[in-house]
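Numbering (our numbering), first residue to last: 1 to 109. From the three backbone atoms N, C-alpha and C, an ideal C-beta is built for every residue, glycine too.
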């Protein structure tokens, strides 16, 4: 399983998060940071949301840990758990999002 786990205690990804999204990797990041450098990945996740649901956006350390473990365990056992369902939804939408999201529109950016 390839998975981008965003850091959240000091700084988080910006260009790295965009690169991961372009590569179609699921992104797990935490919301609610109060300082601007810590909100970049949250903003990217919200921009790439599927039906207004940012798939890898969590609100606590416990949710972060649970989602990562679910995704890794589900992908290794190929069971249809919560993490695998999120992973499959992410993969299905990543190509679509590259075509329709302003985040990847070179003329806009």
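Buried/exposed call for residue 90, threshold 16 Cβ in 10 Å: buried
Helix, strand or coil at residue 3 [DSSP, three-state]: coil
Own chain residues within Cβ distance below 7 Å of residue 108, not counting five before or after: 102
Under 8 Å between C-beta atoms of residue 87 and residue 71: yes
Alpha-carbon spacing of residue 28 relative to residue 62, whole angstroms: 12 Å
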